[in-house]
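Taking it in order: structure first as structure tokens, then the write-up.
Residue numbers (the numbering used here), protein chains in the order written: chain A, 1 to 395; chain B, 396 to 473.
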């Protein structure tokens with residue numbers, strides 16, 4: 001536990017996970033006290049089945065899908081894995097995938113794992129704003145392309161991707177489109193038909209639902225073999241008993257979010273602008289906001305000459321929770337693949353993402369703490385470098 | 396005759412230290428002078444050219460070293 005010296009915790013990491021929505025909490029508690037296997041035939045089981053079917057219809061309606069197109073999963077990662085791996089397992093002649101370079105690792109890693117099975121994967125780069133060039137993506141799609149993977153919005157910098165153009169490019173060659181919508185479902189309008197998505201992955205805990213629940217929407221064009229093998233639930237696309245309390249809570253959260261998100265987005269966009277304006281006064285800070293279409297609640301920036309994790313920990317000591325996309329730590333030596341693909345500074349990266357109830361005081365408190373934290377770290381780095389020089393250099 | 400480049404050895408040091416020491420070294424040479432940065436943090440491959448672009452310094456190129464890591468060459472442009 002951290003002990004903030006500044007009163008209450010200021011949580012600025014909504015893009016990682018969100019707290020449970022009150023209506024989701026209520027639905028979850030109610031569903032937890034009940035039990036029953038929706039695959040059985042007696043009354044209690046049939047009631048569970050009806051509840052599951054009702055959730056499936058409501059989740060489907062929220063993303064413009066049909067109820068039988070929804071596969072409930074343990075979250076966004078499983079949904080993306082099922083889409084990529086499940087489609088590859090069912091594929092016959094098509095052995096090629098196209099993926100955006102800044103996709104989440106839940107998409108990139110299953111795609112890359114297919115290379116060992118004889119698939120070919122083409123990664124399409126991004127511009128300085130983190131946006132995939134639709135023309136470059138279209139040029140990468142071939143007649144043997146099975147799947148194109150393009151996220152709806154990026155998890156590190158918030159860039160909204162040209163999904164509709166990607167759909168047209170994929171479909172022109174008979175390929176399918178997977179849209180990882182984990183950052184947008186429950187926040188921006190998401191409609192399968194409008195996006196042109198054949199598969200769409202979402203995660204409940206990103207939209208004020210519980211962790212451990214998500215879904216894949218897979219249209220009839222998308223023939224899937226299951227990744228989890230066992231019983232024949234979810235129309236043989238995902239074995240294992242459904243997490244009914246989680247699904248009930250996710251459904252409640254999703255519908256609450258459809259009502260709240262539009263007005264909230266306008267408010268959060270103004271907060272994000274206020275934060276960017278404040279950041280402009282901190283020397284040597286580069287804000288990653290070149291893309292014209294972005295998530296409303298997210299601001300990503302790099303602080304030159306500062307280690308991201310060090311800054312994160314210093315902010316944590318002040319009771320402020322943010323995420324750092326840089327990974328100059330011992331466990332991963334590679335810099336953030338998103339920032340590297342953008343040609344952006346990879347050290348000192350910070351991602352601020354607001355919860356729905358954030359207000360001006362949140363921005364002001366952050367801007368009150370950040371400049372001094374940055375100055376302290378730069379001073380320390382300076383002393384470090386001098387110490388290295390005095391000791392006759394490294395190694 | 397161009398004077399010899401200042402060599403900055405950041406082998407074994409993780410980001411952002413290579414960029415910090417590069418910035419100091421570039422500031423210390425005459426305009427037109429150059430700096431050779433040795434680093435083996437993979438982040439430097441991205442950050443050094445981006446830093447040059449942000450600071451309008453001239454990135455002359457990078458080469459992999461046989462002994463591991465890279466050498467980056469930067470010329471002070473202003």
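Just so you know, even glycine gets a beta-carbon here, dropped at the ideal spot from N, CA and C.
The model shown is predicted, which means the values in this text are computed figures rather than measured ones.
For residue j and residue i, the rounded distance between their alpha carbons
i, j, result
"residue 399 of chain B", "residue 291 of chain A", "42 angstroms"
"residue 72 of chain A", "residue 446 of chain B", "45 angstroms"
"residue 293 of chain A", "residue 25 of chain A", "32 angstroms"
"residue 329 of chain A", "residue 309 of chain A", "Note on residue 329 of chain A: pLDDT 45, under 50, position unreliable in the model; the coordinate value appears next. One C-alpha to the other measures close to 8 angstroms."
"residue 283 of chain A", "residue 251 of chain A", "45 angstroms"
"residue 327 of chain A", "residue 183 of chain A", "Because the pLDDT of residue 327 of chain A is 49, which lies under 50, any placement of that residue in the model is unreliable, and the number read from its coordinates should be weighed accordingly. Taking the straight line joining both Cα atoms gives about 21 angstroms."
"residue 450 of chain B", "residue 403 of chain B", "18 angstroms"
"residue 457 of chain B", "residue 224 of chain A", "45 angstroms"
"residue 454 of chain B", "residue 112 of chain A", "33 angstroms"
"residue 66 of chain A", "residue 356 of chain A", "29 angstroms"
"residue 97 of chain A", "residue 362 of chain A", "42 angstroms"
"residue 376 of chain A", "residue 204 of chain A", "38 angstroms"
"residue 249 of chain A", "residue 60 of chain A", "15 angstroms"
"residue 108 of chain A", "residue 147 of chain A", "12 angstroms"
"residue 102 of chain A", "residue 116 of chain A", "21 angstroms"
"residue 163 of chain A", "residue 406 of chain B", "42 angstroms"
"residue 192 of chain A", "residue 19 of chain A", "26 angstroms"
"residue 40 of chain A", "residue 46 of chain A", "7 angstroms"
"residue 442 of chain B", "residue 53 of chain A", "51 angstroms"
"residue 155 of chain A", "residue 10 of chain A", "20 angstroms"
"residue 6 of chain A", "residue 352 of chain A", "Only weak support exists for where residue 6 of chain A lies, its pLDDT of 48 falling under 50; the coordinates are left without a value."
"residue 50 of chain A", "residue 171 of chain A", "36 angstroms"
"residue 438 of chain B", "residue 444 of chain B", "11 angstroms"
"residue 134 of chain A", "residue 167 of chain A", "10 angstroms"
"residue 383 of chain A", "residue 338 of chain A", "31 angstroms"
"residue 343 of chain A", "residue 470 of chain B", "20 angstroms"
Proximity test, Cβ basis, 9 angstroms: residue i and chain A
i, result
"residue 465 of chain B", "no"
"residue 421 of chain B", "no"
"residue 400 of chain B", "no"
"residue 424 of chain B", "no"
"residue 469 of chain B", "no"
"residue 430 of chain B", "no"
Within chain B, the residues that residue i reaches when beta carbons sit closer than 9 angstroms
i, result
"residue 334 of chain A", "437, 438"
Partner residues on chain A for residue i, Cβ-Cβ distance less than 9 angstroms
i, result
"residue 449 of chain B", "284, 286, 304, 345"
Interface partners of residue i on chain A, CB under 7 angstroms
i, result
"residue 445 of chain B", "343, 344, 345"
Cβ-Cβ separation, residue j to residue i (assumed contact under 8 angstroms), whole Å
i, j, result
"residue 173 of chain A", "residue 121 of chain A", "Rounded, the Cβ-Cβ distance is 16 angstroms, inconsistent with contact."
"residue 159 of chain A", "residue 129 of chain A", "6 angstroms"
"residue 301 of chain A", "residue 70 of chain A", "Going by Cβ atoms, the distance from residue 301 of chain A to residue 70 of chain A rounds to 37 angstroms, so no, they are not a contact pair."
"residue 233 of chain A", "residue 242 of chain A", "7 angstroms"
"residue 254 of chain A", "residue 15 of chain A", "With a Cβ gap of about 17 angstroms, residue 254 of chain A and residue 15 of chain A do not count as contacting."
"residue 285 of chain A", "residue 303 of chain A", "5 angstroms"
"residue 169 of chain A", "residue 200 of chain A", "Going by Cβ atoms, the distance from residue 169 of chain A to residue 200 of chain A rounds to 17 angstroms, so no, they are not a contact pair."
"residue 315 of chain A", "residue 322 of chain A", "6 angstroms"
"residue 397 of chain A", "residue 258 of chain A", "Look at the range of chain A in this structure, 1 to 395, and you will see that residue 397 of chain A is not part of it."
Cutoff 9 angstroms: residue i Cβ touching any chain D Cβ
i, result
"residue 420 of chain B", "This model lacks chain D altogether; the protein chains it does include are A and B."
Beta carbon proximity, residue i to chain B, threshold 9 angstroms
i, result
"residue 328 of chain A", "A caution first: residue 328 of chain A carries a pLDDT of 45, below 50, which makes its placement in the model unreliable, though a value can still be read off. So yes, residue 328 of chain A belongs to the interface."
### Task
Give the residues from the region 270–294 of chain A that approach chain B closer than 9 angstroms (Cβ to any Cβ), ordered along the chain.
284, 286
| said: Short of 7 angstroms Cβ to Cβ, which residues in the region 356–381 of chain A face chain B? | reply: 381
Review point. What residues from the region 300–324 of chain A come within 8 angstroms of chain B, judged by C-beta to C-beta, listed N to C?
Key: 304, 305, 306, 307
| request: Could you name the residues of the region 337–353 of chain A whose beta carbon sits closer than 8 angstroms to any beta carbon of chain B, in the order they occur along the chain? | output: 339, 340, 343, 344, 345, 346, 347, 348
*Interface residues of the region 451–464 of chain B facing chain A [CB-CB below 7 angstroms]*: none
For the region 402–418 of chain B, enumerate the residues whose C-beta is nearer than 8 angstroms to any C-beta of chain A, in chain order. 404, 405, 406, 407, 408, 409, 410, 411, 412, 414, 415, 416, 418
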